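Here the sequence shown stands for residues 7 to 307, numbered as in the working numbering.
Okay, so here's the structure we're looking at.
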Amino acid sequence: MITRRQLFQGLGAASAASIGFGGYALAEPFETTVTRYRLAPPRWPVGLALKLAVIADLHACKPWMSVERIEGIVAQVNALGADCVLLLGDYVAGRGIARYSEPVAHRDWAGALGGLRAPLGVHAVLGNHDWWEEDAVQERGCGPTKAGIALENAGITVHENTCVRLIKDGRPFWLAGLGDQWAFFKKRWKGRPLYDGIDDLGATLALASDDAPVVLMAHEPDIFAQVPERVALTVAGHTHGGQVRLMGYAPVVPSKFGARYVYGHVVEEERNLIVSGGLGCSGIPVRFGSPPEIVMIELGV
7 MITRRQLFQG LGAASAASIG FGGYALAEPF ETTVTRYRLA PPRWPVGLAL KLAVIADLHA
67 CKPWMSVERI EGIVAQVNAL GADCVLLLGD YVAGRGIARY SEPVAHRDWA GALGGLRAPL
127 GVHAVLGNHD WWEEDAVQER GCGPTKAGIA LENAGITVHE NTCVRLIKDG RPFWLAGLGD
187 QWAFFKKRWK GRPLYDGIDD LGATLALASD DAPVVLMAHE PDIFAQVPER VALTVAGHTH
247 GGQVRLMGYA PVVPSKFGAR YVYGHVVEEE RNLIVSGGLG CSGIPVRFGS PPEIVMIELG
307 V
């Protein structure tokens, strides 16, 4: 098994050499693709057609994810005509990639996301890097975070173990947003980091007070192993699809399940998960074999 450090050391020279050329190392383009899924989960009502646009893992920084690029992504999403836009966390660059980039102010990247439009609203959860960027937040063990405040100031609803009932064509569904599972660094065990989360799946789903279907937003996909049949669809990000995939294999996946939830549409015991490959980079400015994507999901088709 290749470790994260070994992979990054091996790619570091190529990454550094590419920075002066204004593109991702190893030639993943800035062009953002749209990946589409059409599905009718077992617990999704017949006749309820719902379009969800998903943005994950922006990691805003210059030059890799500038305000101008975010504005372009926002325009792409708005053109898709989604009923609802879901933002799945990690809006900030993260300390690793900060060595290769310049920061983007919270008000600027959040202001760009504030241009998103959808009839049923724009909804967000926070990711681990949104919690990790502030030493004060880590020390006190709770929010608020600068990222969360910036999103709210931009008019975006931020969910943290909360659930909202929405109506499409007279038919209800619940949109649930889980608190981050890796919010606080805890300790190391056998050389690997362990984290404390603020996620509370049981309390979140308990807010869905009738039998309308549930869509669950989460940053890390690992929670899917615990998600009950009550949830029609779980959407997650965090993994970047591996960020670097060699002949389809991702040597490094930030998940205790390895490649089980690394990317795409996963079905387990008729439960459905879609993991976005995301848009930005973490650690180093390299995407290879995992191009940046917006995800468009059509439910009930």
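Every residue, glycine too, gets a C-beta built ideally from N, C-alpha and C.
Please read all numbers here as calculations on a predicted model, not as lab measurements.
Are the beta-carbon atoms belonging to Gly286 and Tyr269 less than 7 Å from one another?
no
Taking the straight line between their C-alpha atoms, what separation do you get for Gly95 and Gln187?
Those two C-alpha atoms are separated by around 12 Å.
If you run the structure through DSSP and keep just helix, strand and coil, what is Gly306?
Gly306 falls in the coil class under three-state DSSP.
Where does Trp180 sit, in a helix, a strand or coil, going by DSSP?
Reduced to three states, the DSSP call for Trp180 is strand.
What is the rounded straight-line gap between the Cα of Val170 and the Cα of Arg177?
14 Å
Between Asp114, Thr240 and Gln144, which has its C-alpha nearest Ile76's C-alpha?
Checked all of Asp114, Thr240 and Gln144; the closest Cα to Ile76 is Asp114.
Would you mind stating whether Val80 and His225 have Cβ atoms separated by less than 7 Å?
no
Give the range of the beta strand (DSSP E) segment to which Leu92 is assigned.
For Leu92, the enclosing beta strand (DSSP E) covers residues Cys90 to Leu93.
Would Ala62 pass as a contact of Gly208 if the rule is Cβ separation under 7 Å?
no
Ordered along the chain, which non-local residues of its own chain (more than five positions away) have a Cβ less than 6 Å from that of Ala46?
Spatial neighbours of Ala46 in its own chain (CB-CB distance under 6 Å, excluding positions within 5 residues in sequence) are listed in chain order as Gly306.
Are the CB atoms of Thr210 and Asn167 nearer to each other than 7 Å?
Thr210 is a Cβ neighbour of Asn167, given a cutoff of 7 Å.
Could you check whether the stretch 256–272 touches the stretch 210–221, counting it as contact only if at least three pairs of C-beta atoms, one from each stretch, sit closer than 8 Å?
no
Does Gln249 pass the burial test, meaning 16 or more other C-beta atoms within 10 Å, or should it be called exposed?
Buried, because 16 or more other Cβ atoms sit within 10 Å of the Cβ of Gln249.
DSSP beta-bridge partners of Ile300:
Val40
May I have a chain-ordered list of the alpha helix (DSSP H) segments no shorter than 4 residues that lie completely inside the stretch 187–246?
207–212
Keeping to the same chain, check which residues put their C-beta closer than 7 Å to that of Ala265; ignore five residues upstream and five downstream.
Ala256 and Val259
Skipping 5 residues on each side, what residues in its chain have a beta carbon closer than 8 Å to that of Phe27?
In this prediction, Phe27 scores a pLDDT of 32, lower than 50, which makes its location untrustworthy; no coordinate-derived value is stated.
Would Gly295 and Arg251 qualify as a contact pair, given that the criterion is a beta-carbon distance under 7 Å?
Contact: yes.
May I have the straight-line CA-CA distance separating Gln232 from Lys57, to the nearest angstrom?
25 Å
For Glu276 and Gly78, the rounded distance between their alpha carbons:
Computed Cα separation, rounded: 36 Å.
Fully enclosed by the stretch 61–121, which alpha helix (DSSP H) runs are 4 residues long or longer?
Within the stretch 61–121, the complete alpha helix (DSSP H) runs of at least 4 residues are 73–85 and 112–119.
Can you tell which of Tyr267, Val241, Lys262 and Ser261 has the C-alpha that lies nearest to the C-alpha of Glu304?
Val241
Endpoints, the beta strand (DSSP E) within which Arg146 is located
Note, Arg146: premise wrong, no beta strand (DSSP E); alpha helix (DSSP H) at Asp141 to Arg146.
Neighbour-count burial assignment, Asp136, 16 or more Cβ in a 10 Å radius:
The residue is buried, with at least 16 neighbouring Cβ atoms inside 10 Å.
Determine which residues share a DSSP beta bridge with Asn278 and list them.
Leu239 and Val273
So is Phe263 buried or exposed if we call it buried at 16+ other beta carbons inside 10 Å?
exposed
For Lys57, name the three-state secondary structure that DSSP assigns.
In the three-state scheme derived from DSSP, where H, G and I count as helix and E and B as strand, Lys57 is classed as strand.
Whole angstroms is fine: what's the gap from Glu158's alpha carbon to Ala116's?
9 Å
Quick check on Arg293: buried or exposed, where buried means 16 or more other Cβ atoms within 10 Å of its Cβ?
buried
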